[in-house]
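In this text, residue positions in the sequence shown follow this note's numbering: the first is 2, and each later residue adds one. To start, the structure itself, in structure tokens.
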Amino acid sequence: MRLSKKGQGATEYLLMLAAVLVIVAIAVYYVTAGGAAKPNIQLTAVVDGTSIKLVATGGTDTCPANDWKYAVYLENASPTWDDGTATLSSTTDMVLKSNLAAGTTYKVRVQHIPTGQYFVDTTKTIA
């Protein structure tokens, strides 16, 4: 079967378009996958009196202070983020906020900055 010149040109155009789309898809994958991965540290937020603490429950990695941030804020308010204050590890036990109002519910978020993933994303009520 013989294609006309017009049909052959359209076929070549579609093959080039398909090749470009495959190359773009591969590039997008590598750019978005990046090299960063959230460290293997399991953390939880714990109420201790009128304070909210960040406590490690497991993990094998560490996360330097400049790679994480946290926010403790009223449930219906916008967060104000604070920079990490120490390296996170499997032995982390630190106060995030103190002197919080009793009977108030707070949203607690601890985020790994390079990946945008949360170590902690929960709500806690001060008794």
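All C-beta atoms in this analysis are idealised placements derived from N, C-alpha and C, irrespective of residue type, glycine included.
Inter-residue spacing [alpha-carbon to alpha-carbon] between residue i and residue j
| i | j | result |
| --- | --- | --- |
| Y31 | L22 | 14 Å |
| Y14 | V29 | 22 Å |
| G10 | A19 | 14 Å |
| Q112 | M95 | 15 Å |
| P80 | D49 | 21 Å |
| D122 | Q43 | 12 Å |
| L16 | T33 | 26 Å |
Nonlocal neighbours in the same chain, by C-beta distance under 7 Å from residue i, ignoring five residues either side
| i | result |
| --- | --- |
| T92 | A57 |
| C64 | P40, I42, T88, L89 and H113 |
Residue i classed as buried or exposed, judged by whether at least 16 other C-beta atoms fall within 10 angstroms
| i | result |
| --- | --- |
| W82 | exposed |
| Y85 | Reading the sequence as shown, one finds Gly at residue 85 and not Tyr. Buried is the call here. |
| L75 | exposed |
Neighbourhood of residue i by C-beta distance below 6 Å, restricted to the same chain and skipping five residues each side
| i | result |
| --- | --- |
| T116 | A37 and K39 |
| S99 | S52 |
Residue nearest to residue i in terms of C-alpha spacing, selected from the options
| i | options | result |
| --- | --- | --- |
| G60 | N41, T51, V111 and Y74 | N41 |
| N67 | K108, A102 and L89 | L89 |
| V47 | N77, A78 and V73 | V73 |
| W69 | E76, L97, A78 and L75 | L97 |
Cβ shell of residue i (< 8 Å), same chain only, five flanking positions each side left out
| i | result |
| --- | --- |
| Y119 | R110, V111, Q112 and H113 |
| said: To test your reading of the DSSP string, which unbroken beta strand (DSSP E) runs of 3 or more residues are found completely within the region 22-73? | reply: 42-49 and 52-60
| query | In the region 64-120, which residue ranges form an unbroken alpha helix (DSSP H) of at least 4 residues, counting only runs that do not cross its ends? | reply | none
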